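Take a look at the structure below.
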Amino acid sequence: MSTMEAPRAREPSALPSRPAASPLAAMLRQFGRSPAGVIGAIVLLALVLITLLGPTFYGIDPLDLAGAPFTPPGADAWLGTDYLGRDILAGLIYGGRATLTVGGVAAVITIVIGVTVGALAGFFGGAVDTALVKLTEFFQILPSLLFAMVLVTLFGQTLTTITIAIGVVSWPTAARLTRAEFLRLRNLDFVKASRAAGAGNGHLILRVVLPNALPPIIVSATLAIGVAILFEGGLSFLGLGDPNTMSWGLMIGQNRNYVLDSWWTVTFPGAAIFIAVLAISLIGDGINDAINPRLRKRG
Amino acid sequence: MSLKRIFLNCALGLAVTLAASGTHNWRASAADGGTLVMATSQVPRHFNGAVQSGLATAMPSTQIFASPLRYDDNWNPKPYLAESWEVSPDGLSVTLKLVKNAVFHDGKPVTSEDVAFSIMTIKANHPFQTMLAAVDKVETPDPFTAVIKLTHPHPALLLAMSPALMPILPKHIYGDGQDVKSHPANLKPVGSGPYRLTEYKQGEFYTLEKFDKFFIAGRPKLDKIVVRIVSDSNAALVSIERADVNVLPFVTGVRDIERLEKMPGVTVTNKGFTGIGPINWLAFNTKKKPLDDVRVRQAIAYAANRDFITSKLMSGKAVAATGPIAPGSPLDEPNVEKYKLDLAKSGELLDAAGYPKKPDGSRMALTIDYIPGTDEQQRNVAEYLRSQLKRAGINLEVRAAPDFPTWAQRVSSFDFDMTMDTVFNWGDPVIGVDRTYLTSNIRKGIIWSNTQQYSNPKVDELLAAAARETSPEKRTAMYSEFQKIVVADVPIYFVNASPYHNAFSKGLASLPTTIWGVMSPLDEINWETPPKN
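Chains V and Y, in that order, give the protein sequences.
Okay, so the first sequence: first residue is 0 according to numbering that gives the first Met the number 0, each after it adds one.
Okay, so the second sequence: first residue is 0 according to numbering that gives the first Met the number 0, each after it adds one.
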């Protein structure tokens, strides 16, 4: 790995640009040793496959009136139907696409904003740091669910708006984490050495400091997916979901009035969210185990 | 910690006080007397129904103020403040003979001066402008005779003299020159109705106590009505189940109604709402392509399945509405096109209108809005229509509005294709129906005007003529024709009468089941068997 990347590094090879082994490679190797992480990864992969391939095997449209309203789980509809007679299993399959996409994309937005702000603040320090920390704190003290509700109310109840809103309200954690890592790393010898060798700020941030700050950010990104999924569920529960795209949260939100009479309408999408978030948390745990030197097994 | 304790003590103390006072009242109550506790989510802005429409004000206003007439459960006018009334043969004057023993809560007598003042005040201030538009002046030849002079015959006047629409205000209080809409007495009302308002805690509760000098002997039968404002319907349901509350008016949730019906100590009725005539419907923007083509609107009507909505979505709790006049009104014309589900016919109409099926099966894409907040009547039907109309090749996008003003803004500025809506008839078509169909009432920015922008000269003509027609038979015939035309033109696809229900504790007798229900004096309801507490 390091030999492959060596030609791209400008600094003389005598000076170490980063710790000897690539942390990412080591992390992957360690991740394989974490049973929780592996189980989480398998479950998540299975969920993704179901939502991707499900429609080919289960050809019912989630918005179609497939049966009588409130049909209990059985031969007519495996997981029952909701208050309009829409198939719950079809809703889970198609809804999973939307829910997992919202989770993934919102996490990317969270990380991109968070890492950018955190990296700039941590690397430059001084006035830039003060300003960006104030900005981060400003966003952090806003009640995030309320803020997301305001954004969705203002810009419309579409899946795009909802995804962006979740990303926009969730980034401060990632920013603080990144800033802390950058503060820790920026004065270490290998960074000083790169700077002495003539590397510019852009190169230092992106190629020297960031790769070393990456592991905790990856954990945070993984968990951000779970948070975003829960967030989408929460917004839908409050009636602020996208009514035109089936999602797990929307299924719960629209059927919650009927939970006493028709448990299946809410229980299955609820279980789906639970399993997805649990899987993602397990993966996060696995990654954490893998990158935490104190937990790392030698060998 | 200590704060918490203080709070707890206060709460406990309050509970004990309430329990004690409750017990006391029940013991005191024989066949007559006793207290009635109501729970409602409707928060009145004030109590003066002369200048404010809506259920929230109408319910207390009709207890506090008396009106010239009241109605039975069969649309027959009954004497109230007016012991008799007479319409002149030319229909241009209506003479009211008032009862002589009626007094206001402050002891002053109710005279024709008060009637004249009230009518002119309502004409000038009430949101229902057509209701008394025909009134020119009110003459008062003697203290107990009022002659309403009209510019043209106005048969709707009889229903306009209902308790909810014509509260008689004391001139000596409201006629002091202040703006009646913001008069301080609107919150401390003085009327001549069966109950006096004795306490109002904004947004929490109000108390109505028996008026001892009420002009009908022996009434009201109750001593007191306490109306608690409970915004959470679950809390209200639990309260009536525990008999903490005795009356739950204006319940529309199908699940709530079903729960109430299962409660052993509760009687549920859908009687008492034909006067309001609430219709739940799907409105079209008839000026916007492709909905400007009547065939497209008819195709949508044939593709929607009203039976499914009333029987499945509303569990049979709602009655189908097939035309612009609510079922239950004597003017309702049942023989109109019903648009029974017929996807083939729907397809033919869309083909003829120039919207053939594309390779993907779709013909057109439209949006649908709904009033947020009432899921079962509005959102669920919109969601259902999206799924159902897809079968006819119409792809609907549901546009959720975060709050009522957003929805009202879209619809009143004609920024919509189709929208679910709920509109009240308010007794006579002139009061609550005409506004939706008259060309002259296409008024941008005003919700519940003719936001469909529907215009048919024949309909305008019929409505204008029927509004002045004094022969009941001819009038009925005109409204029949009007209903047939509107249903054929489909500016609106009528879905159902909103399933309003009232729930009462068992043991209550003479329930308010007239056409105005609880928006009529509650002077007859009484405890046949007072609740054990």
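Think of the CB as a built atom: it goes at the ideal place given N, C-alpha and C, for glycine as much as any other residue.
Keep in mind the model is a prediction, meaning the values are calculated, not measured.
Item to check | For Y/D255, three-class secondary structure by DSSP | outcome: Position 256 of the second sequence, counting from 1, holds the residue named residue 255 of chain Y. Note: Y/D255 maps to helix in three-state DSSP.
Checklist entry - Checking contacts by CB at 8 Å: is V/N243 closer than that to chain Y? => result Mapped onto the first sequence, residue 243 of chain V falls at position 244. Chain Y, which has a Cβ nearer than 8 Å to the Cβ of V/N243, makes this yes.
Item to check | Per-residue DSSP class, three states only, for Y/E240 | outcome: Indexing the second sequence from 1 puts residue 240 of chain Y at position 241. Three-state result, Y/E240: helix.
Checklist entry - At what residues does the alpha helix (DSSP H) containing Y/E208 begin and finish? => result For the purposes of this step, residue 208 of chain Y is taken as residue 209 along the second sequence, with counting starting at 1. From DSSP, Y/E208 is part of no alpha helix (DSSP H) but of the beta strand (DSSP E) over F204 to K209.
Next on the checklist: Quick check: is the beta carbon of V/D128 nearer than 8 Å to any beta carbon in chain B?
Outcome noted: Absent from the structure is chain B; the protein chains it does hold are V and Y.
Next on the checklist: Below 8 Å on the Cβ atoms is my contact criterion, and I expect Y/R390 with Y/L462 to pass it. Report the Cβ-Cβ distance as a whole number of Å.
Outcome noted: For the purposes of this step, residue 390 of chain Y is identified with residue 391 of the second sequence, where counting begins at 1. For the purposes of this step, residue 462 of chain Y is identified with residue 463 of the second sequence, where counting begins at 1. With 8 Å as the limit, Y/R390 and Y/L462 do not qualify as a contact, their Cβ atoms being about 36 Å apart.
Item to check | Other residues of its chain near Y/E138: CB distance less than 6 Å, five sequence neighbours each side excluded | outcome: Counted from its first residue, the second sequence places residue 138 of chain Y at position 139. For Y/E138, where only same-chain residues beyond five positions count, the Cβ hits under 6 Å are V146.
Next on the checklist: Assuming contact is defined by CB atoms lying nearer than 8 Å, are Y/A101 and Y/F214 in contact in what I supplied?
Outcome noted: By 1-based counting over the second sequence, the position of residue 101 of chain Y is 102. By 1-based counting over the second sequence, the position of residue 214 of chain Y is 215. Cβ atoms of Y/A101 and Y/F214: closer than 8 Å.
Checklist entry - Exposed or buried, Y/H151, counting other C-beta atoms within 10 Å across all chains shown (16 or more means buried)? => result On the second sequence, residue 151 of chain Y is found 152 positions in, with the first residue counted as 1. By the 10 Å Cβ count, Y/H151 comes out exposed.
Checklist entry - Going by other Cβ atoms of all chains shown within 10 Å of its Cβ, with 16 needed for buried, is Y/D359 buried or exposed? => result Looking up residue 359 of chain Y in the second sequence gives position 360. By the 10 Å Cβ count, Y/D359 comes out exposed.
Item to check | Inter-residue CB distance, Y/G372 and Y/F403 (contact presumed, cutoff 8 Å) | outcome: The residue labelled residue 372 of chain Y in the question sits at position 373 within the second sequence. The residue labelled residue 403 of chain Y in the question sits at position 404 within the second sequence. Confirmed, about 7 Å.
Item to check | Chain-order list of residues whose beta-carbon lies under 8 Å from that of Y/A446 (same chain, five-residue window excluded) | outcome: In the second sequence, residue 446 of chain Y corresponds to position 447, counting from 1. A quick correction: the sequence has Ile, not Ala, at residue 446 of chain Y. Excluding sequence neighbours, Y/I446 sits near A407, V410 and S411.
Item to check | Classification of Y/R434 by the beta-carbon crowding that lies within 10 angstroms, buried from 16 upward | outcome: As a working note, residue 434 of chain Y is residue 435 in the second sequence. Label assigned to Y/R434: buried.
Checklist entry - Roughly how many whole angstroms lie between the Cα atoms of Y/E85 and Y/T475? => result On the second sequence, residue 85 of chain Y is found 86 positions in, with the first residue counted as 1. On the second sequence, residue 475 of chain Y is found 476 positions in, with the first residue counted as 1. C-alpha separation (whole angstroms): 21 Å.
Checklist entry - So Y/P277 and Y/S497 are in contact, right, with Cβ under 8 Å, and what is the actual spacing, rounded? => result If you number the second sequence from 1, residue 277 of chain Y lands on position 278. If you number the second sequence from 1, residue 497 of chain Y lands on position 498. Sure, about 4 Å apart at Cβ, within 8 Å.
Next on the checklist: Ignoring anything shorter than 3 residues, give me the beta strand (DSSP E) runs that lie fully in the region 117–191 of chain Y, in order along the chain.
Outcome noted: 134–141 and 144–149
Checklist entry - For the putative contact between V/G121 and V/F181, defined by C-beta atoms under 8 Å, what is the C-beta separation to the nearest angstrom? => result Taking the first sequence and counting its residues from 1, the one referred to as residue 121 of chain V is at position 122. Taking the first sequence and counting its residues from 1, the one referred to as residue 181 of chain V is at position 182. Correct: roughly 3 Å between the Cβ atoms.
Checklist entry - Checking contacts by CB at 8 Å: is Y/D374 closer than that to chain V? => result Here residue 374 of chain Y is taken as the residue at index 375 of the second sequence, counted from 1. Yes, Y/D374 lies at the interface with chain V (some Cβ there is under 8 Å from its Cβ).
Checklist entry - If we ignore side chains and look at the alpha-carbon of each, how far apart do V/T100 and V/N287 end up? => result Translated into positions along the first sequence, residue 100 of chain V becomes position 101. Translated into positions along the first sequence, residue 287 of chain V becomes position 288. About 23 Å.
Checklist entry - Is Y/S20 buried or exposed, if buried means 16 or more other CB atoms sit within 10 Å of its CB? => result Counted from its first residue, the second sequence places residue 20 of chain Y at position 21. Interpretation of Y/S20 is limited by its pLDDT of 42, a score under 50 that renders its predicted location unreliable; the figure taken from the coordinates is listed afterwards. Classification for Y/S20: exposed.
Next on the checklist: Please tell me whether V/T177 and V/V107 are closer than 8 Å, where the distance is taken between their beta carbons.
Outcome noted: Position 178 of the first sequence, counted from the first residue, corresponds to residue 177 of chain V. Position 108 of the first sequence, counted from the first residue, corresponds to residue 107 of chain V. The answer is no: Cβ separation not under 8 Å.
Item to check | Three-way DSSP call (helix, strand, coil) for Y/M542 in this model | outcome: Summary: the structure shown does not reach residue 542 of chain Y, with chain Y confined to residues 0 through 532, and so no result is reported for it.
Item to check | Exposure of V/L205, with buried meaning 16 or more beta-carbon neighbours within 10 Å | outcome: Here residue 205 of chain V refers to the residue found at position 206 when the first sequence is read from its first residue. Burial call: exposed.
Next on the checklist: Against Y/Y537, what residues of chain V qualify as contacts under a CB-to-CB distance less than 7 Å, listed in chain order?
Outcome noted: There is no way to answer for residue 537 of chain Y, as the model of chain Y reaches only from 0 to 532.
Item to check | Helix, strand or coil at Y/H500 [DSSP, three-state] | outcome: Position 501 of the second sequence, counted from the first residue, corresponds to residue 500 of chain Y. Three-state result, Y/H500: strand.
Checklist entry - For the candidate residues Y/D211, Y/P142, Y/P76 and Y/T120, whose alpha-carbon lies nearest to that of Y/G106? => result Start at 1 with the first residue of the second sequence, and residue 106 of chain Y comes out as number 107. When only C-alpha atoms are compared, the closest one is Y/D211.
Item to check | Positions along the region 396–423 of chain Y whose CB lies within less than 7 Å of some CB in chain V | outcome: E396, V397, A399 and P401
Checklist entry - What runs of the alpha helix (DSSP H), each 4 residues or longer, lie entirely inside the region 459–501 of chain Y? => result 471–488
Next on the checklist: Assuming the contact rule is C-beta atoms closer than 8 Å, V/P68 and V/L91 should be a hit. Round their C-beta distance to whole Å, please.
Outcome noted: In the first sequence, residue 68 of chain V corresponds to position 69, counting from 1. In the first sequence, residue 91 of chain V corresponds to position 92, counting from 1. The Cβ separation is near 18 Å, so there is no contact.
Checklist entry - Straight-line CA distance for Y/F493 to Y/N124? => result Locating residue 493 of chain Y in the second sequence gives position 494, where the first residue counts as 1. Locating residue 124 of chain Y in the second sequence gives position 125, where the first residue counts as 1. Their Cα atoms are separated by approximately 31 Å.
Item to check | V/A179 versus V/G117 - alpha carbon distance | outcome: Looking up residue 179 of chain V in the first sequence gives position 180. Looking up residue 117 of chain V in the first sequence gives position 118. Those two C-alpha atoms are separated by around 8 Å.
Next on the checklist: To be precise: take each residue of the region 192–223 of chain V, compare its Cβ to all Cβ atoms of chain Y, and keep it if any distance is under 8 Å. Which residues remain?
Outcome noted: none
Next on the checklist: For Y/L97 and Y/V109, I'd like the C-alpha separation in whole angstroms.
Outcome noted: Here residue 97 of chain Y is taken as the residue at index 98 of the second sequence, counted from 1. Here residue 109 of chain Y is taken as the residue at index 110 of the second sequence, counted from 1. For Y/L97 and Y/V109, the distance between alpha carbons rounds to 8 Å.
Item to check | Beta bridge counterpart(s) of V/A40 as assigned by DSSP | outcome: Taking the first residue of the first sequence as 1, we reach residue 40 of chain V at position 41. In DSSP, V/A40 forms no bridge with anything.
Item to check | Three-state class that DSSP yields for V/T80 in the structure shown | outcome: For the purposes of this step, residue 80 of chain V is identified with residue 81 of the first sequence, where counting begins at 1. Here V/T80 sits in strand by DSSP.
Checklist entry - For V/V151 versus V/I161, is the C-beta distance shorter than 8 Å? => result Taking the first residue of the first sequence as 1, we reach residue 151 of chain V at position 152. Taking the first residue of the first sequence as 1, we reach residue 161 of chain V at position 162. Result yes, Cβ atoms of V/V151 and V/I161 sit closer than 8 Å.
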